[in-house]
Amino acid sequence: MEELQVLCDSKTSKPMPKWMAVMAIAFGVVFLATGLKGFTSGQPILPVIYNIAIGSICIYGSSIQRRLYLSDVGIVREIKAWGRHVRRVLPWDDVKFVSLAFRRSDMMVFFEVDVTGWKVLFSRDQEGLVREILDDCIPDVEIKKLQ
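The number in the working numbering is simply the position in the sequence shown, starting from 1, with 26 added.
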């Protein structure tokens with residue numbers, strides 16, 4: 027997958043902290059070991075399956091990286107986990123209306139497409155940059171500031 031130009035990163039694009047990923051792997055290994063030990067010692071199958079499932083989910087979840095950003099092609103939502111890379115793009119041409127909603131130090135931007143749309147969270151101090159990007163990429167789309 028080719029790299030897209032990141033114009034403005036969302037506030038929700040923070041990677042998982044290393045300590046949290048290490049803890050998830052540690053818990054996953056403990057649950058897997060408990061499940062496998064129970065399986066080999068002849069314990070009831072249901073607790074064994076639970077332990078193995080929880081351990082697998084912990085280890086899988088330790089590598090998940092989510093990212094949401096504005097690019098030159100549109101709004102991009104990426105999820106990476108264990109070598110798998112899923113990217114969804116909402117092209118600028120599909121955006122019909124944009125609403126900005128403010129609360130404390132946050133700014134929620136609603137990109138409306140017909141009946142549905144995407145919500146992207148930014149910090150309030152990114153408003154100027156976001157408006158500049160919207161003026162460049164979708165100059166004909168109305169931007170409304172909600173109270």
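Don't be surprised by glycine CBs; every beta carbon is placed ideally from N, CA and C.
(Q) Three Cβ pairs or more, each shorter than 8 Å: is that satisfied between the segment 35-49 and the segment 136-147? (A) yes
Q: Under 6 Å Cβ to Cβ from residue 153, same chain only, skipping five residues before and after it: list those, please.
A: 133
Q: From the DSSP output, in three-state form, read off residue 30 for me.
A: coil
Q) Cα-Cα, which of 64, 63, 129, 97 is closest to residue 158? A) 97
Q. Where does the unbroken beta strand (DSSP E) through residue 125 begin, and where does it stop?
A. 123-129
Q: Take residue 108 and list the residues in its own chain whose beta-carbon comes closer than 7 Å to its own, dropping the five residues that flank it on each side.
A: 86, 89
Q. Secondary structure at residue 63, three-state DSSP: helix, strand or coil?
A. helix
Q: Check the DSSP bridge columns for residue 144 and list the partner residues they point to.
A: 137
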